[in-house]
Amino acid sequence: MAFFCAFPGILAQSVKNWYTDAKKRGGGIYLQTIYFSERLLCQLERLHTVPLTLVEAPAGYGKTTALKHALRDVPYGALRWHNAQDATVCCDWLVRQIAQKDSALAQQIFDLYHENGPLVHAKPAEESSLYLMIDNFQVIAAQFPFSVLQLLSALKGTAVHVIFLSRSFWQLPIQDLMHVCYISKKDFFLRKEDIICFAEELGISLTEKQAIHIQKETGGWAAVVSLYLQNGCEEVEWKKLSRLMEDLFWRRQEDILKKALLRLAQFETVDVEMVRALTEDIADLQQMGEWFYSLPLLYYDAEQQRYCLCALLRKFLLYRLHNASFLTQWDSYHRCGCWYREHGETKKAVAAFYKVLDYAGILSCDLTGLLFEKFDKLSYTEIAGEILRHCPMETKQRYPLSLLRLCYALFADAAFTEYQQLLEEAKGIICDGNDPNLLGEWELIAAFQDFPNLEKMEQHYQRAKRLMTAPSVIFTVGEPFLFGSISMWRLFYTKPGELERTAETLERVMKLYNSLTAGHGSGAAELYRGEVCCAQGRFADAEIYGYQALYASLQRKNACVTYGAALLLGTNAVYRGDLEAWKRILDYLEDPAHTYAFLQDSFLDVCMKETVQSYFAMLQPKESRLRKRLQAASNRLYDLNFTNSAIKGVRIPRIILKKNYHKAIGILEVALKVDARLIALPSQLFIHTNLALCYFAIGRSRKAAEHLEFTLSLAERDQVLSFAAYFREYLEPLFYLPSVSRKYAAVIQEIRSLPIQNIPAVPEWKAFIPKQENEWEEPLSKREREIAELAARGLRNGEIAEMLHISEGTVKNHLKIVFRKLNIDRRSSLRGRLR
Numbered sequence: 010m011a012f013f014c015a016f017p018g019i020l021a022q023s024v025k026n027w028y029t030d031a032k033k034r035g036g037g038i039y040l041q042t043i044y045f046s047e048r049l050l051c052q053l054e055r056l057h058t059v060p061l062t063l064v065e066a067p068a069g070y071g072k073t074t075a076l077k078h079a080l081r082d083v084p085y086g087a088l089r090w091h092n093a094q095d096a097t098v099c100c101d102w103l104v105r106q107i108a109q110k111d112s113a114l115a116q117q118i119f120d121l122y123h124e125n126g127p128l129v130h131a132k133p134a135e136e137s138s139l140y141l142m143i144d145n146f147q148v149i150a151a152q153f154p155f156s157v158l159q160l161l162s163a164l165k166g167t168a169v170h171v172i173f174l175s176r177s178f179w180q181l182p183i184q185d186l187m188h189v190c191y192i193s194k195k196d197f198f199l200r201k202e203d204i205i206c207f208a209e210e211l212g213i214s215l216t217e218k219q220a221i222h223i224q225k226e227t228g229g230w231a232a233v234v235s236l237y238l239q240n241g242c243e244e245v246e247w248k249k250l251s252r253l254m255e256d257l258f259w260r261r262q263e264d265i266l267k268k269a270l271l272r273l274a275q276f277e278t279v280d281v282e283m284v285r286a287l288t289e290d291i292a293d294l295q296q297m298g299e300w301f302y303s304l305p306l307l308y309y310d311a312e313q314q315r316y317c318l319c320a321l322l323r324k325f326l327l328y329r330l331h332n333a334s335f336l337t338q339w340d341s342y343h344r345c346g347c348w349y350r351e352h353g354e355t356k357k358a359v360a361a362f363y364k365v366l367d368y369a370g371i372l373s374c375d376l377t378g379l380l381f382e383k384f385d386k387l388s389y390t391e392i393a394g395e396i397l398r399h400c401p402m403e404t405k406q407r408y409p410l411s412l413l414r415l416c417y418a419l420f421a422d423a424a425f426t427e428y429q430q431l432l433e434e435a436k437g438i439i440c441d442g443n444d445p446n447l448l449g450e451w452e453l454i455a456a457f458q459d460f461p462n463l464e465k466m467e468q469h470y471q472r473a474k475r476l477m478t479a480p481s482v483i484f485t486v487g488e489p490f491l492f493g494s495i496s497m498w499r500l501f502y503t504k505p506g507e508l509e510r511t512a513e514t515l516e517r518v519m520k521l522y523n524s525l526t527a528g529h530g531s532g533a534a535e536l537y538r539g540e541v542c543c544a545q546g547r548f549a550d551a552e553i554y555g556y557q558a559l560y561a562s563l564q565r566k567n568a569c570v571t572y573g574a575a576l577l578l579g580t581n582a583v584y585r586g587d588l589e590a591w592k593r594i595l596d597y598l599e600d601p602a603h604t605y606a607f608l609q610d611s612f613l614d615v616c617m618k619e620t621v622q623s624y625f626a627m628l629q630p631k632e633s634r635l636r637k638r639l640q641a642a643s644n645r646l647y648d649l650n651f652t653n654s655a656i657k658g659v660r661i662p663r664i665i666l667k668k669n670y671h672k673a674i675g676i677l678e679v680a681l682k683v684d685a686r687l688i689a690l691p692s693q694l695f696i697h698t699n700l701a702l703c704y705f706a707i708g709r710s711r712k713a714a715e716h717l718e719f720t721l722s723l724a725e726r727d728q729v730l731s732f733a734a735y736f737r738e739y740l741e742p743l744f745y746l747p748s749v750s751r752k753y754a755a756v757i758q759e760i761r762s763l764p765i766q767n768i769p770a771v772p773e774w775k776a777f778i779p780k781q782e783n784e785w786e787e788p789l790s791k792r793e794r795e796i797a798e799l800a801a802r803g804l805r806n807g808e809i810a811e812m813l814h815i816s817e818g819t820v821k822n823h824l825k826i827v828f829r830k831l832n833i834d835r836r837s838s839l840r841g842r843l844r
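Residues are numbered in our numbering as their position in the sequence shown, beginning at 1, plus a constant of 9.
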């Protein structure tokens, strides 16, 4: 049933008086249609049949309006209202009122409270019932005798009905009362079915989904539900909601409770220990519990033993906190950050500390495993850069290990300049402390100055070994190896002709590194060798190394190599045509049980997994589970780093398949100009191959040949044939380019003959293959075609010159152009090409 009423209502005041007072103090007035559920109305009817009624709900829930409705037919003289301020005054008032109906009952209550005081002088009893309402009972609850409530609840056949209204009956043993009507704040909540009925009374048709959404957003608070419905079930303007919360809730709370609530605003739920830790300087746990019990949109889940903040309440508290003074914000966010830090939730701790630029708080955290995480749209790298620029030196000096962890994060995200600056600062601080182990940690981080030069990195590790007496505390299981990159040859294969030498060097360097870090890089050397074998078409060897890398990484929980081994084994299976083995790898990746616990829900885990899946999607475009992996934008290069470079790269074919050749060329050409540390030879191989396809597609054969030469020269030098061989069906037209076919005939033959499964044909790729051998050739001009046709008929250059009245030299020049455009190198091929 719906009622038109004013919120908030003030007991013993009319709606008119409330409106006047609201205008005087500049407050808001919210005239709303408020709905009471059938469940609540049934409860309200019971108060006429029992001697005692307890109505419990926070301010603004409509207690007064509900009772006015329930008592609307009670004669004016039979209804008494009292606002509790003092327990003695209240009890005396109660006695005087009851004495008019039942002097014996009044005397009993008087005796209970005053311990056999003077008798009550009663007036003659009247026949009609008497309703006594006492509001704000929470003010006197601690002093009011529970025995009086027991006496009232035990009455039978009396004409007296006593109603107590309170924000809460905290810890009142209601179960010990006999005949009582207890209406709790839950009875005032609107469930989804209530909201649907409410909407119907307003002439609004509401779906169950809409009702569930409104109930979730409002917590079922009738006043707020009304706003949603009157707003057409759309999101209510926050200004209206915040003013409603301000008037009905916030303005009525004590400052000390407001302070406590703002500290809890960061949490959706809090347990007793959290409340104790966050508010121990404000009030004891019992007092906090009593306060919380009386608040709107906050309820206690007995099963979980946690307080739950409704979304609307939490949003309002965060809004208040956002607009609070800096000292208030500091008090809230600093305490919240400390709690998160002490309970191992580092990401949330950093986010809280950063809200108030508490750099000391951030540096006091164990900054492990935060690579590429986001903090309110700000990256971890950006926070590291701010600390470098703005954190006071005296604060930095207290946390040298944290500075080194930030250095690692900066380098991982390709912020090389900032990395170098902070590294030098950290060295000065560490050298002043004279701690050999800490200086050894610095050497481990400083090794990245020379990345990817393994020999120079090895020198840093050797110096670290002479300094350190214990395993590294920076490079632990929780800190991803080599920035979360899942491919070793994409990092260290940087010089043509040194593929095998690099493998040997990496094996030696990793052995030294692992001795300093308790096996942090386990499986990396094996992964590199496996990737090399796969790239060279040595698939059996690649599989062996792949499993070696997988099990070595699983033993030491090296997640990056685990994902890298999965990529290697899957790619190897695709190249061999073993799709069942490939699907087993895919299933392994998609099983949450195989995710490392320390990476659960982290950005890095998602990135590594999507890199593997995106690469698989490129190799197997028909696999429906993977198609979406190639949909994301790939033209953002400003945030390129070691971890995301692969996932950005494998999305390029999607652009090519859509025939956006010019866009793809632009992206790839820019990618070739980024820092060389980010694009080693395997990445360059991928880029040049795709550029060759794109340029050939737009008719620029010479540029296509230039880029294809990079692919073929690398294949010739180091026998990295597999990638080109897998896509050879689409590269085949390029192999006929004269400058390519003459120079690289041998390696082209190796690519054609490598026993490897070709990429499955899909409609997009089929569109990319020329239907005729000359489809992508540059068109001949009118003069060029005329000369070519005469030459195809067997005429010599002189004869053609004489017939066309041009010089023989001009004929020769035109024929050279014709040969280039038609991708031929002899006159005998002209007839077939000109058909």
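Heads up, the beta-carbon is just placed ideally off N, CA and C, and yes, glycines get one too.
Candidates the options: closest to residue i by CA position
{"i": "alanine 551", "options": "Met627, Ser731 and Ala150", "result": "Ser731"}
{"i": "alanine 75", "options": "Met812, Leu174 and Pro60", "result": "Leu174"}
{"i": "glutamate 434", "options": "Asp422, Asn446 and Pro401", "result": "Pro401"}
{"i": "tryptophan 99", "options": "Asp144, His78, Leu336 and Ala724", "result": "Checking the sequence, you will find cysteine at residue 99 rather than tryptophan. Per the Cα distances, Asp144."}
{"i": "proline 461", "options": "Tyr70, Ala685 and Phe198", "result": "Ala685"}
{"i": "glutamate 718", "options": "Val518, Lys752 and Val279", "result": "Lys752"}
{"i": "leucine 141", "options": "Ala163, Ala108 and Lys165", "result": "Ala108"}
{"i": "threonine 514", "options": "Ala115, Lys465, Ile757 and Gly555", "result": "Lys465"}
{"i": "histidine 343", "options": "Leu287, Lys386, Gly555 and Phe301", "result": "Leu287"}
{"i": "aspartate 587", "options": "Arg835, Asp610, Ala549 and Asp614", "result": "Ala549"}
{"i": "glutamine 766", "options": "Pro489, Asn581 and Ala456", "result": "Asn581"}
{"i": "threonine 278", "options": "Asp256, Leu304 and Asp310", "result": "Asp310"}
{"i": "glutamine 275", "options": "Ala533, Leu164, Glu226 and Leu322", "result": "Leu322"}
{"i": "threonine 167", "options": "Asp111, Ala150, Glu202 and Met187", "result": "Asp111"}
Environment of residue i [buried if 16+ CB atoms lie within 10 Å]
{"i": "histidine 671", "result": "exposed"}
{"i": "phenylalanine 247", "result": "For the sequence presented, residue 247 should be read as tryptophan rather than phenylalanine. Exposed, since its Cβ has fewer than 16 Cβ neighbours within 10 Å."}
{"i": "glutamine 52", "result": "buried"}
{"i": "valine 827", "result": "buried"}
{"i": "serine 654", "result": "buried"}
{"i": "leucine 211", "result": "exposed"}
{"i": "methionine 617", "result": "buried"}
{"i": "leucine 271", "result": "buried"}
{"i": "valine 129", "result": "No answer about valine 129 holds up, because its pLDDT of 41 lies below 50 and its placement is not dependable."}
{"i": "histidine 823", "result": "buried"}
{"i": "aspartate 185", "result": "exposed"}
{"i": "asparagine 523", "result": "buried"}
{"i": "leucine 839", "result": "buried"}
{"i": "leucine 294", "result": "exposed"}
Residue span of the beta strand (DSSP E) that contains residue i, given as start and end
{"i": "histidine 814", "result": "No beta strand (DSSP E) holds histidine 814; DSSP gives it neither H nor E."}
{"i": "cysteine 140", "result": "A quick correction: the sequence has tyrosine, not cysteine, at residue 140. Counting along the chain, the beta strand (DSSP E) containing tyrosine 140 begins and ends at 139-144."}
{"i": "tyrosine 191", "result": "189-192"}
{"i": "valine 169", "result": "169-175"}
{"i": "leucine 63", "result": "61-65"}
{"i": "leucine 88", "result": "88-92"}
Terminal residues of the alpha helix (DSSP H) in which residue i lies
{"i": "serine 692", "result": "690-706"}
{"i": "methionine 627", "result": "612-628"}
{"i": "cysteine 206", "result": "201-210"}
{"i": "glutamate 434", "result": "425-442"}
{"i": "threonine 720", "result": "710-727"}
{"i": "lysine 356", "result": "355-364"}
{"i": "proline 747", "result": "747-752"}
{"i": "glycine 731", "result": "The residue asked about is misnamed: residue 731 is serine in this sequence, not glycine. It spans 731-735 - the alpha helix (DSSP H) in which serine 731 sits, taken as one unbroken run."}
Exercise. Residue ranges of each alpha helix (DSSP H) run of no fewer than 4 residues wholly in the region 486-554, ordered along the chain?
Worked result: 498-501, 508-526 and 533-544
For this session: Run through the region 270-324 for me and flag every whole alpha helix (DSSP H) of 4 or more residues, listed as ranges in chain order.
Result: 281-288 and 294-302
For this session: Indicate whether the contact test is met: 3 or more Cβ pairs, each with one atom in the region 355-370 and one in the region 385-404, closer than 8 Å.
Result: yes
Exercise. Are the region 530-543 and the region 719-726 in contact at 8 Å, needing three or more beta carbon pairs?
Worked result: no
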